[in-house]
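> Next up is a structure, given as structure tokens.
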Ligand SMILES: NC(=O)c1ccc[n+]([C@@H]2O[C@H](COP(=O)([O-])OP(=O)(O)OC[C@H]3O[C@@H](n4cnc5c(N)ncnc54)[C@H](O)[C@@H]3O)[C@@H](O)[C@H]2O)c1
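In our numbering, the protein residues as written are 8 to 424.
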């Protein structure tokens with residue numbers, strides 16, 4: 008099988024998770040990516056991931072701290088996978104395009120709309136490929152949810168709810184997720200919600216929101232989460248507390264182009280018992296969407312009828328088929344649920360992202376989530392921040408063209424962009 012030569016730039020938690028995606032492709036004998044280098048400003052992080060790669064993939068990639076030097080020493084390098092923190096994406100991605108590389112970028116595409124637009128300009132200049140790694144939508148249960156919506160299982164979608172609360176005053180994953188300059192949690196995690204909402208219902212065109220920061224100080228977490236194993240080596244260097252500068256609360260009303268109305272609330276300062284509720288209501292029924300990386304199937308409710316879920320849903324979507332690589336990794340073309348631990352599902356989704364990206368580089372095909380779609384996901388988050396700042400509804404057009412940018416201006420000034 009043809010393979011592209013790729014380097015991972017950013018050797019922190021997500022850089023480590025991406026290695027497992029590459030291992031998954033290799034184990035399943037469908038690898039179209041050869042990891043030839045890793046690059047990080049921190050030599051220790053890069054060396055660490057090179058060791059992991061050698062253990063997992065059987066071959067040690069070269070280690071670099073500078074992308075230009077990496078390209079000079081590896082003339083056959085075709086692409087980079089950017090897994091640096093959100094605040095540095097524009098710098099790293101623009102440099103990668105200017106060095107003539109194709110780019111797979113972790114979400115969020117850029118730290119602000121200006122950052123996203125600079126990335127899109129650099130891509131146009133280079134003529135290279137840009138794919139944004141939105142992993143949630145690639146889960147078979149989200150694919151099934153989308154197929155059910157598209158087939159009209161709940162009729163015309165009227166209303167979407169995506170509401171969650173939790174985290175209290177704990178540091179979520181790493182301190183930078185509370186630093187406005189580097190990408191607060193409502194952008195870093197929120198961009199998953201905004202991508203998935205728009206995947207299900209089409210693009211949003213107007214948002215009204217309130218935003219707040221309740222917790223000025225965040226504390227080192229004592230417990231562990233699904234993601235903790237990937238961040239263990241940095242736990243010791245995490246301070247006991249940090250000053251947070253990014254918002255922790257977002258309450259928004261979203262108008263979608265289709266007419267559907269959404270209510271998206273993300274409350275990351277929720278003490279006590281956390282909660283989460285997702286539902287889509289339509290003219291004929293309602294649905295709780297499937298879960299990402301849990302195998303939890305969508306649940307469908309029609310007036311006066313019992314719940315329909317799992318395999319029984321498949322009869323409603325006779326044309327629903329997973330793409331070839333997803334079917335291969337998850338073991339079936341059609342499924343109403345799946346059972347596997349979170350880390351297994353997680354690495355399969357990352358493998359699918361990689362496989363699609365490499366296919367696009369090899370064949371010239373366009374990726375599912377290109378730069379414009381990646382920008383749409385960031386734009387919906389910033390629509391909420393901008394609306395919360397200027398206290399009026401904003402259109403997504405105003406956001407994407409940077410006409411409404413009061414919230415983003417200091418971030419752009421910080422990055423001198
Ligand atoms: N899709 C998902 O489920 C998911 C989950 C977690 C993180 N992410 C995304 O992955 C990215 C990385 O997050 P993380 O949690 O791994 O962060 P992290 O802080 O653990 O790792 C970031 C790494 O990038 C390095 N770095 C920073 N600037 C750099 C530069 N200019 N050049 C080279 N290296 C640089 C840092 O030294 C660090 O090693 C973010 O965009 C984040 O949003 C995605």
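Backbone N, C-alpha and C fix where the C-beta goes; we use that ideal spot for every residue, glycine too. The model shown is predicted, which means the values in this text are computed figures rather than measured ones.
In the structure shown, what three-state DSSP assignment does residue 327 receive?
Of the three classes helix, strand and coil, the one that applies to residue 327 here is coil, per DSSP.
> Looking at residue 152 and residue 297, is the spacing between their C-beta atoms short of 7 angstroms?
A contact, by the Cβ cut-off of 7 angstroms.
> Tell me where the alpha helix (DSSP H) around residue 264 begins and ends.
Per DSSP, residue 264 belongs to no alpha helix (DSSP H) and is neither H nor E.
> Of all the beta strand (DSSP E) runs that stay within the bounds of the segment 49-132, which reach a length of 3 or more residues?
Here the runs fully enclosed are 69-71, 86-89 and 109-113.
> From this set, 84, 73 and 363, which residue's C-alpha is nearest residue 99's C-alpha?
When each option's Cα is compared against that of residue 99, the closest is 73.
> Taking the alpha-carbon of residue 258 as reference, which of 49, 387, 90 and 241 has the nearest alpha-carbon?
That would be 387, whose Cα lies nearest to the Cα of residue 258.
> How about residue 355 and residue 336: are their beta carbons less than 7 angstroms apart?
Yes. Within cutoff.
> At which residues does the beta strand (DSSP E) containing residue 12 begin and terminate?
Taken as a continuous stretch (DSSP letters only), the beta strand (DSSP E) holding residue 12 covers 11-16.
> Taking just the CA atoms, how far does residue 222 sit from residue 278?
If you take the alpha carbons of residue 278 and residue 222, they lie about 11 angstroms apart.
> Consider the C-beta atom of residue 91 and the heavy atoms of ligand 1; say whether any pair is separated by less than 6 angstroms.
It does: the Cβ of residue 91 is within 6 angstroms (strictly closer) of some heavy atom of ligand 1.
> Assuming residue 504 and residue 273 make a contact with CB atoms under 8 angstroms, what is their CB distance in whole Å?
Here the chain covers residues 8 to 424 and nothing more, so residue 504 does not appear.
> Does residue 423 pass the burial test, meaning 16 or more other C-beta atoms within 10 Å, or should it be called exposed?
Answer is exposed; the Cβ neighbour count stays below 16.
> For the segment 240-249 against the segment 398-411, are there 3 or more C-beta pairs whose distance is under 8 angstroms?
No, the segment 240-249 is not in contact with the segment 398-411.
> Just how far apart, CA to CA, sit residue 68 and residue 404?
Distance between the alpha carbons of residue 68 and residue 404: 43 angstroms.
> So within the segment 278-327, which uninterrupted beta strand (DSSP E) runs reach at least 3 residues, ignoring any that extend past its ends?
DSSP runs (the beta strand (DSSP E)) wholly in the segment 278-327: 282-289, 292-295 and 306-309.
> Between residue 89 and residue 170, is the Cβ-Cβ spacing less than 7 angstroms?
Cβ distance not < 7 angstroms, so residue 89 and residue 170 don't count as in contact.
> Within a Cβ cutoff of 6 angstroms, which residues of the same chain sit near residue 369, ignoring the five residues on either side of it in sequence?
Closer than 6 angstroms at Cβ, skipping near neighbours: 9.
> Helix, strand or coil for residue 385? Go by DSSP, reduced to three states.
Correct three-state label for residue 385: helix.
> What are the complete alpha helix (DSSP H) segments, minimum 4 residues, inside the segment 134-159?
With a minimum length of 4 residues, the continuous alpha helix (DSSP H) runs that stay inside the segment 134-159 are 147-157.
> Have a look at residue 314 and residue 203 and give me their C-alpha separation to the nearest angstrom.
Each residue's Cα considered, the two are about 23 angstroms apart.
> Expressed to the nearest angstrom, what Euclidean distance is found between the alpha-carbon atoms of residue 66 and residue 308?
Roughly 50 angstroms between the two C-alpha positions.
> Assuming residue 56 and residue 29 make a contact with CB atoms under 8 angstroms, what is their CB distance in whole Å?
About 11 angstroms separates the two Cβ atoms, so there is no contact after all.
> Suppose you measure from the CA of residue 217 to the CA of residue 82; what does that come to, to the nearest Å?
Each residue's Cα considered, the two are about 49 angstroms apart.
> Where does residue 171 fall in DSSP's three states?
It is a strand residue.
> Is residue 31 near ligand 1, in the sense that its beta carbon is under 6 angstroms from a heavy atom of that ligand?
False, no ligand heavy atom lies under 6 angstroms from that Cβ.
> Return helix, strand or coil for residue 45, following the three-state DSSP convention.
Residue 45: strand per DSSP, three-state reduction.
> Quick check: what's the CA-CA separation for residue 303 versus residue 143?
Their Cα atoms are separated by approximately 13 angstroms.
> Kindly examine ligand 1 and report whether one of its heavy atoms sits closer than 6 angstroms to the Cβ of residue 20.
For ligand 1, at least one heavy atom lies less than 6 angstroms from the Cβ of residue 20.
> Could you check where the alpha helix (DSSP H) with residue 339 kicks off and where it finishes?
Where residue 339 is concerned, there is no enclosing alpha helix (DSSP H), given that its DSSP letter is neither H nor E.
> Using a threshold of 6 angstroms, is the CB atom of residue 202 nearer than that to any non-hydrogen atom of ligand 1?
No; taking the cut-off as 6 angstroms, the Cβ of residue 202 has no heavy atom of ligand 1 nearer than that.
> Helix, strand or coil, according to DSSP, for residue 414 in the structure here?
Residue 414: coil per DSSP, three-state reduction.
> Quick one, which of 79, 117, 219 and 109 has its alpha-carbon nearest residue 91's?
When only C-alpha atoms are compared, the closest one is 117.
> State the CB to CB distance for the pair residue 247 and residue 226, rounded to an integer number of angstroms; the pair is presumed to be in contact (CB under 8 angstroms).
Residue 247 to residue 226, Cβ: 7 angstroms. Contact.
> Please report how far the alpha carbon of residue 286 lies from the alpha carbon of residue 212, in whole angstroms.
If you take the alpha carbons of residue 286 and residue 212, they lie about 20 angstroms apart.
> In the DSSP assignment, the alpha helix (DSSP H) including residue 361 goes from what residue to what residue?
Residue 361 -> alpha helix (DSSP H) spans 349-370.
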